[in-house]
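Notes to accompany the following structure.
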Amino acid sequence: MGTIMPPSPEQHRPPQRSLIAVIDNMAGRRQALVNILKPYFRVVDHEDGDKAIAELKNSRPAAALVADRLPPLGGYEVVKRIRDTAGLERLPVILVAPNGGKTVQDGQRWCGADRLLVWPCHPSMALMVVSSMCSLHIERSWEALSPIPRLALKQTLLAFNGLTEAIHQGGDVDIGEIGQASTSLVAALNDNHCHLILDAVKDHDDYTYVHCLRVSAFLSLFGHITGLPQSEQVLLATGGLLHDVGKIKIPYDVLNKAGQLKDVEFDLIKTHVESTVELLQRAPQIRKPIITIASQHHEKLDGSGYPLGLSGTQLDDLARMATIVDIFSALTDRRTYKPAMDPELALNLMLEGMSRELDMRLLAIFRQAMLDAAVFAEPVYG
Ligand SMILES: [Fe+2]
Ligand SMILES: [Fe+2]
């Protein structure tokens with residue numbers, strides 16, 4: 016434990032958007048992909064595979080989309096050449112293929128491409144696939160971490176990806192897998208790896224995963240400083256990981272919109288509370304505090320929150336803690352359209368401007384714990 020360190024300048028600059036290469040000879044589809052991607056990524060497009068490879072060596076994109084029929088070489092050959100080019104061997108590649116075409120029928124045989132995007136598709140599907148590929152190099156960098164934080168990161172990601180898949184397919188939440196990941200996360204936090212874990216996910220493109228992981232870590236630390244045993248910290252961490260899973264149902268372009276949300280979009284985002292509770296209530300062996308965290312983390316003491324407008328004594332300590340942590344995390348989250356707010360500034364803003372909405376006694380405890388824990392100091396890798 017020590018005093019909070021000054022924020023790293025790198026963390027507080029607006030993030031550089033990832034560069035995506037679109038390699039497609041079909042002008043209409045190429046332009047459609049560029050239009051879908053450019054509000055969220057920097058995009059460079061090419062119609063010729065061979066020339067594109069030469070340029071990729073210089074531009075080093077975060078991911079490339081390659082059309083499966085790309086004359087004269089063909090998309091498969093372009094993917095092979097990318098894999099054989101020094102410096103591009105590990106470039107995440109998405110093969111774009113028409114629905115019903117041979118590539119789709121071939122199943123997993125994409126000649127070294129990491130993912131398949133079946134075209135045409137909903138824009139949010141294209142954005143989700145590209146986003147997941149942008150995060151691949153971040154996830155691969157975790158291999159260099161020491162075993163305890165590495166395990167926490169891998170297990171939380173695996174559990175979250177499993178959740179995402181299950182929710183998209185109408186399946187149920189696997190509490191066992193999330194609980195196991197939460198146990199590993201709490202072990203890493205109690206072994207003083209909080210700063211390292213927060214740093215390791217800051218450029219990950221899956222905002223819902225990153226936000227849920229951060230809320231999970233902060234809630235667990237909150238439990239730790241209020242004297243809760245490790246088993247209860249795991250319960251809080253599990254609640255944090257699951258508190259927003261209903262957001263998985265919200266389209267990428269709404270969830271990641273850079274400008275002001277329209278009323279209809281904000282109403283859609285607000286539905287994530289009911290979606291999350293509905294999903295969690297279906298999960299066997301779920302514990303009540305996990306549902307309380309999910310159902311009340313947007314409620315405020317003065318009744319101005321949602322979805323129910325609960326107030327005062329209707330909100331127990333767990334809900335009050337979850338609201339504080341969720342707001343703190345949202346302010347200090349780094350988004351593609353905004354830098355992370357300085358944590359001390361965020362805590363002071365909450366203290367000075369939200370006295371009617373938040374439990375000031377709990378906020379004072381949380382604030383001191385965050386300042387003391389050096390959670391945001393530069394991480395030491397090893
Ligand atoms: Fe939420
Ligand atoms: Fe949240």
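If you want my numbering, it's the 1-based position in the sequence shown plus 15.
In this text, a Cβ means the ideal position worked out from N, Cα and C, and glycines have one as well.
Which residues mark the beginning and the end of the beta strand (DSSP E) in which residue i is found?
i	result
R57	57-61
I193	Premise fails: I193 lies in the alpha helix (DSSP H), 190-205, not in any beta strand (DSSP E).
L132	130-134
M80	Note on residue identity: the sequence assigns Leu, not Met, to residue 80. It spans 78-82 - the beta strand (DSSP E) in which L80 sits, taken as one unbroken run.
Using the C-alpha atoms, what's the distance from residue j back to residue i?
i	j	result
G43	D189	42 Å
V37	T328	55 Å
T253	P113	40 Å
P24	H226	Any reading at P24 must be qualified, since the residue scores a pLDDT of 39, below 50, and its modelled position is unreliable; the value itself is stated next. The alpha-carbon atoms of P24 and H226 are separated by roughly 21 Å.
L323	K117	51 Å
I240	A384	7 Å
I305	K66	53 Å
F381	G186	36 Å
I339	M143	29 Å
M20	N271	The predicted model places M20 with a pLDDT of 36, which falls under 50 and marks its position as unreliable; any figure quoted below should be read in that light. Approximately 30 Å, taken between the alpha carbons.
G90	K53	23 Å
F237	E62	53 Å
N207	R96	44 Å
I153	A298	31 Å
I68	L48	19 Å
E359	C209	17 Å
R98	F175	29 Å
L211	I301	30 Å
Rounded C-beta distance between residue i and residue j? I'm assuming under 8 Å.
i	j	result
L200	A167	5 Å
V260	L294	6 Å
V111	F56	Incorrect: roughly 15 Å between the Cβ atoms, too far for contact.
R350	D374	Not quite, the Cβ-Cβ distance comes to about 27 Å (not below 8 Å), so this is no contact.
N40	P107	In fact, because the Cβ distance is near 21 Å, the residues do not count as touching under 8 Å.
I265	L283	6 Å
I163	R130	Rounded, the Cβ-Cβ distance is 30 Å, inconsistent with contact.
S310	V279	No, S310 and V279 are not in contact; Cβ-Cβ is about 23 Å, not under 8 Å.
S147	D221	7 Å
P138	I51	5 Å
I193	L257	6 Å
For residue i, report the span of its alpha helix (DSSP H) as first-last.
i	result
A361	358-368
V93	90-98
V111	Taken as a continuous stretch (DSSP letters only), V111 belongs to no alpha helix (DSSP H), being part of the beta strand (DSSP E) at 108-113.
V216	209-216
I38	It is not in any alpha helix (DSSP H) - I38 instead sits in the beta strand (DSSP E) that spans 34-38.
I68	64-74
P87	Where P87 is concerned, there is no enclosing alpha helix (DSSP H), given that its DSSP letter is neither H nor E.
G255	245-257
Q275	Segment: none, Q275 is in no alpha helix (DSSP H) and carries neither H nor E.
R382	375-387
V292	287-297
M41	Looking at the DSSP string, M41 is not in any alpha helix (DSSP H), and its letter there is neither H nor E.
S139	138-149
Comparing the CB of residue i with every heavy atom of ligand 1, is any distance shorter than 8 Å?
i	result
K66	no
H312	yes
K262	yes
H258	yes
V288	yes
D282	no
D12	Since the first residue shown for the chain is 16 and the last is 397, residue 12 is missing from the structure and cannot be characterised.
D341	yes
With 16 as the cutoff for other CB atoms within 10 Å, does residue i come out buried or exposed?
i	result
R75	exposed
E316	The question names Glu, but residue 316 is Leu in the sequence shown. Buried.
E314	buried
E180	exposed
P244	exposed
A232	buried
E104	exposed
M16	With a pLDDT of 30 at M16, under the threshold of 50, the modelled position of this residue cannot be trusted; read the value that follows with caution. With fewer than 16 Cβ atoms within 10 Å of its Cβ, M16 is classed as exposed.
Y396	For Y396, the pLDDT reaches just 40, beneath the cut-off of 50, and the residue's location in the model is therefore unreliable, although a value from the coordinates is still provided. Exposed, because fewer than 16 other Cβ atoms sit within 10 Å of the Cβ of Y396.
S156	exposed
F281	exposed
E372	buried
K285	exposed
G274	exposed
Q46	exposed
L178	buried
S246	exposed
L173	exposed
P29	Summary for P29: the model assigns pLDDT 46, below 50, so the residue's position carries little reliability; its value from the coordinates is reported in the next sentence. When all chains shown are included, P29 counts as exposed.
Is residue i near ligand 2, going by C-beta to nearest heavy atom under 8 Å?
i	result
V144	no
S344	yes
D221	no
C149	no
C227	yes
V269	no
V230	yes
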